[in-house]
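Number of protein chains: 2
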Amino acid sequence: MTRRSSSVTIRDVAKQAGVSVATVSRYINRNAPVSPEVAERLDKVMAELKYIPHAAARHLASRKTRVVGLLLTNMHNDFFAPLLNGTEQIVRKHGYNLLVATYHSDSRDSVPPPLGPHNTDGLLVFADSLTDEDLAKLHELRFPIVLIHRTPPASLPLPSVTVENKSASHKLVEHLIVQHGKKRILFLRGPIHQEDSYWRETGYRSALEAHGIPFDEDLVLIGEFERDVAYQALNRFLGNGRQVAFDAVFAGDDDAAIGVINALTDNGYRVPDDIAVVGFDDLRLSAFLSPPLTTVHAPTEAVGQIAAERLFGLLKNEISNGITLLPTEIIIRRSCGCQA
Amino acid sequence: MTRRSSSVTIRDVAKQAGVSVATVSRYINRNAPVSPEVAERLDKVMAELKYIPHAAARHLASRKTRVVGLLLTNMHNDFFAPLLNGTEQIVRKHGYNLLVATYHSDSRDSVPPPLGPHNTDGLLVFADSLTDEDLAKLHELRFPIVLIHRTPPASLPLPSVTVENKSASHKLVEHLIVQHGKKRILFLRGPIHQEDSYWRETGYRSALEAHGIPFDEDLVLIGEFERDVAYQALNRFLGNGRQVAFDAVFAGDDDAAIGVINALTDNGYRVPDDIAVVGFDDLRLSAFLSPPLTTVHAPTEAVGQIAAERLFGLLKNEISNGITLLPTEIIIRRSCGCQA
DNA sequence: TGAAATAATGTAAACGGTTACAGTAACCGT
DNA sequence: ACGGTTACTGTAACCGTTTACATTATTTCA
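Which chain is which? The protein sequence lines are R and V, in order. Under the working numbering, read the first sequence as residues 1 to 340, first letter to last. Under the working numbering, read the second sequence as residues 1001 to 1340, first letter to last.
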């Protein structure tokens, strides 16, 4: 007994059942017929020995990991919980495992992405957690990738699933203008280079333009889709000793909206009486905020599910590219001033 | 060229740099000295070839995966976002990857746990995602495990990190009794067999007892720490045509509290004027609910961090067992009736 | 009825790393 | 000057699977 490991291997099973390892392997993977007697014997032996195939050995030999990766920019936002949940459901359904990691330009000090062909069979890539070059490199290796909340760079035909940002933002801002007579609407920009940011700003601008309100760069702050950043930004803005120069805020997302409401309240403003606030995403708890948040419902869990399903499609060599754009819907609650 | 794979291997690097594979391996792992010239040459070659070590091959040879697993019961609750976040931070800091999965009695139809010695170096096990027997088996294999929100079964000296439930629950319920004169306090029980449930109920009972209020089984409903379940349960309770027989609700956790507030509101009760509601966990958004939720602050992100750190301690053979009990703190806001 | 297909199994070579063992050369202390 | 370290490197076995190739027995069918 010179074995280093205490774990039972396929050879133990083979010996115990009086067959070759190849037969055991084939039975486990159901990829070649095995006689009923042998099958029965194997079932018994494997149960007795509590045999569990060693993943790494399998991966090495078969060149498949049965793991898919989810690469995020961060996870300190309730936005990611449903995304993860949706993804995990599908991954589990397919008998795969899910590796999650964060990666971003900041961490990118010559450190390669933590997830890739070396440890996964395919990747779900959120927003700009990978650069265009990273994506191009992976695609060149024919590595399965589906993009989430981001469309493929030019000439890279990667599947993508994201949500409709622009028209919903347009409608939301329009609601502020038309229903509530707002004219000086602050906008909290999300992370630069992130598509959601871009399209939400585009929708914001187009709504202003459609109603003859000039765009004013002074009315855009850095929100980063983060509660604390938004809070700070607004606090600084208000602390400038300036007169109130705005009557509403489109916070970019719900998380930032929380920060905004907080900052406003701390500075003595009432929401929505003095200042209307709207967000984007419709987090699980946004309906229960004080005041209930007017926002845009984004089907985040579905995004995770669909993206994962498309990834598994890719893994089965079903070539499916093109972008899936999930519809969003504006949700009128109280923070805009409605009594809904 | 008969190679099946297109990927660059350690042998390519070795040949290109004119050294043996052993030297390359040693340099990569920094576990033996390598001459400066060779080091430099290797750096260059590895960059040129874009060499990334194949994880599975490494795992197989070294018998370490550099992956830790986080096993949850589910993830459709905002409670898990900070837990995951905390865990991921530490895991990343140590250069490991994080595999997440859900597993529960329901899924346990003779399906073995998705995470274990075959694909991870250690496991973070939340609540009752594994049974006592599962844990015993793994511990017998000397597999590193740290428990989260659960203490080790008798005679299994597993490290554990959880939060103080009982005394905080006691204080919270006491607050309802003493400060607000509540006497008929509904309790929404969490998942049975889950320790948080048990201790929160214990705290609830001890507070009642301490103030001479008899425990009434009719006042406990199934909440499951889930918003929808709590909503349904309370709705059914209210719909029984019975007279209002309670004046406050301890919802078990914040997620259930949302459901409770919602059900109450839908049935024409005002919170907190008619019925006081308190939760547990202090989710990221609980302060911003309407009304702001009186609850207990649980340092969930810290739980994730500390549990992960302890797991890495185990991986370094630092034997650390015993349970880490993180302090909690009651947070008085408005939903109990205070004006705070 | 004989050739060809099919079923069931075995042997052994990968897969891409790590590491035990071994060896050489330079260095150190006495 | 010589045994003992130390620094660096190489060879090849091994980790636990999958799978190409081979083999034998059994069907199928013209």
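Beta carbons: idealized from backbone N, C-alpha and C, even for Gly.
Cβ separation of residue i and residue j, assumed to be a contact under 8 Å, to the nearest whole Å
{"i": "residue 121 of chain R", "j": "residue 73 of chain R", "result": "Contact doesn't hold; Cβ gap of about 22 Å is too wide."}
{"i": "residue 1280 of chain V", "j": "residue 1254 of chain V", "result": "6 Å"}
{"i": "residue 100 of chain R", "j": "residue 1088 of chain V", "result": "7 Å"}
{"i": "residue 1186 of chain V", "j": "residue 288 of chain R", "result": "That belief does not hold up - the Cβ atoms of residue 1186 of chain V and residue 288 of chain R are roughly 19 Å apart, past 8 Å."}
{"i": "residue 1330 of chain V", "j": "residue 1172 of chain V", "result": "5 Å"}
{"i": "residue 1053 of chain V", "j": "residue 59 of chain R", "result": "Wrong, their Cβ atoms sit about 13 Å apart, outside the cutoff."}
{"i": "residue 1123 of chain V", "j": "residue 1071 of chain V", "result": "6 Å"}
{"i": "residue 163 of chain R", "j": "residue 299 of chain R", "result": "7 Å"}
{"i": "residue 250 of chain R", "j": "residue 271 of chain R", "result": "Not quite, the Cβ-Cβ distance comes to about 13 Å (not below 8 Å), so this is no contact."}
{"i": "residue 85 of chain R", "j": "residue 1076 of chain V", "result": "5 Å"}
{"i": "residue 1169 of chain V", "j": "residue 1204 of chain V", "result": "6 Å"}
{"i": "residue 311 of chain R", "j": "residue 125 of chain R", "result": "Not quite, the Cβ-Cβ distance comes to about 10 Å (not below 8 Å), so this is no contact."}
{"i": "residue 91 of chain R", "j": "residue 308 of chain R", "result": "6 Å"}
{"i": "residue 1056 of chain V", "j": "residue 56 of chain R", "result": "5 Å"}
Simplified DSSP state of residue i, which is helix, strand or coil
{"i": "residue 21 of chain R", "result": "helix"}
{"i": "residue 95 of chain R", "result": "coil"}
{"i": "residue 1329 of chain V", "result": "strand"}
{"i": "residue 271 of chain R", "result": "coil"}
{"i": "residue 1104 of chain V", "result": "coil"}
{"i": "residue 62 of chain R", "result": "helix"}
{"i": "residue 1052 of chain V", "result": "coil"}
{"i": "residue 1173 of chain V", "result": "helix"}
{"i": "residue 1076 of chain V", "result": "coil"}
{"i": "residue 2 of chain R", "result": "The pLDDT assigned to residue 2 of chain R is 35, lower than 50, so where the model puts this residue is not dependable, and the model offers no usable value."}
{"i": "residue 1289 of chain V", "result": "strand"}
{"i": "residue 131 of chain R", "result": "coil"}
{"i": "residue 1255 of chain V", "result": "helix"}
{"i": "residue 1206 of chain V", "result": "helix"}
{"i": "residue 1010 of chain V", "result": "helix"}
{"i": "residue 1282 of chain V", "result": "coil"}
{"i": "residue 1229 of chain V", "result": "helix"}
{"i": "residue 300 of chain R", "result": "helix"}
{"i": "residue 1111 of chain V", "result": "coil"}
{"i": "residue 986 of chain V", "result": "This structure leaves residue 986 of chain V out entirely; chain V is present only between 1001 and 1340."}
{"i": "residue 1047 of chain V", "result": "helix"}
{"i": "residue 1192 of chain V", "result": "coil"}
6 Å Cβ shell around residue i - same chain, five flanking residues per side excluded
{"i": "residue 1234 of chain V", "result": "1260 and 1263"}
{"i": "residue 1284 of chain V", "result": "none"}
{"i": "residue 1238 of chain V", "result": "1267"}
{"i": "residue 66 of chain R", "result": "96"}
{"i": "residue 220 of chain R", "result": "187 and 189"}
{"i": "residue 1010 of chain V", "result": "1021 and 1024"}
{"i": "residue 3 of chain R", "result": "The predicted model places residue 3 of chain R with a pLDDT of 39, which falls under 50 and marks its position as unreliable; any figure quoted below should be read in that light. Closer than 6 Å at the Cβ level, and outside the excluded window around residue 3 of chain R, lies no residue."}
{"i": "residue 1113 of chain V", "result": "1103"}
For residue i, the residue or residues it bridges with in DSSP
{"i": "residue 1126 of chain V", "result": "V:1148"}
{"i": "residue 187 of chain R", "result": "R:220 and R:250"}
{"i": "residue 1266 of chain V", "result": "Bridge partners of residue 1266 of chain V: none, in fact."}
{"i": "residue 69 of chain R", "result": "R:99 and R:123"}
{"i": "residue 160 of chain R", "result": "R:147 and R:323"}
{"i": "residue 1277 of chain V", "result": "V:1249"}
{"i": "residue 1295 of chain V", "result": "V:1331"}
Spatial neighbours of residue i in its chain, beta-carbon cut-off 7 Å, leaving aside the 5 residues before and after
{"i": "residue 1049 of chain V", "result": "1008, 1012, 1013 and 1016"}
{"i": "residue 19 of chain R", "result": "38"}
{"i": "residue 1028 of chain V", "result": "1053"}
{"i": "residue 1166 of chain V", "result": "1199, 1202 and 1203"}
{"i": "residue 1026 of chain V", "result": "1032 and 1034"}
{"i": "residue 297 of chain R", "result": "282, 328, 329 and 331"}
{"i": "residue 1080 of chain V", "result": "1072"}
Sequence-distant residues of the same chain with beta carbon closer than 8 Å to residue i, five excluded per side
{"i": "residue 1158 of chain V", "result": "1135, 1139, 1145, 1146, 1147, 1152 and 1321"}
{"i": "residue 256 of chain R", "result": "188, 190, 223, 224, 225, 226, 227, 229, 230 and 279"}
{"i": "residue 1211 of chain V", "result": "1174, 1177 and 1178"}
{"i": "residue 82 of chain R", "result": "284, 300, 301 and 304"}
{"i": "residue 1045 of chain V", "result": "1013, 1016, 1017 and 1051"}
Check: residue i C-beta below 7 Å from any heavy atom of the ligand ATP
{"i": "residue 1064 of chain V", "result": "In the structure shown, the ligand ATP is absent, as is every other ligand, since no ligand is present at all."}
At least 3 beta-carbon pairs within less than 8 Å: the region 1317 to 1329 of chain V vs the region 1131 to 1140 of chain V | no
Would you call the region 1211 to 1226 of chain V and the region 1176 to 1190 of chain V in contact, with 3 or more CB pairs under 8 Å?
-> yes
Count the CB pairs spanning the region 33 to 44 of chain R and the region 91 to 99 of chain R that are closer than 8 Å, and state whether there are at least three.
-> no
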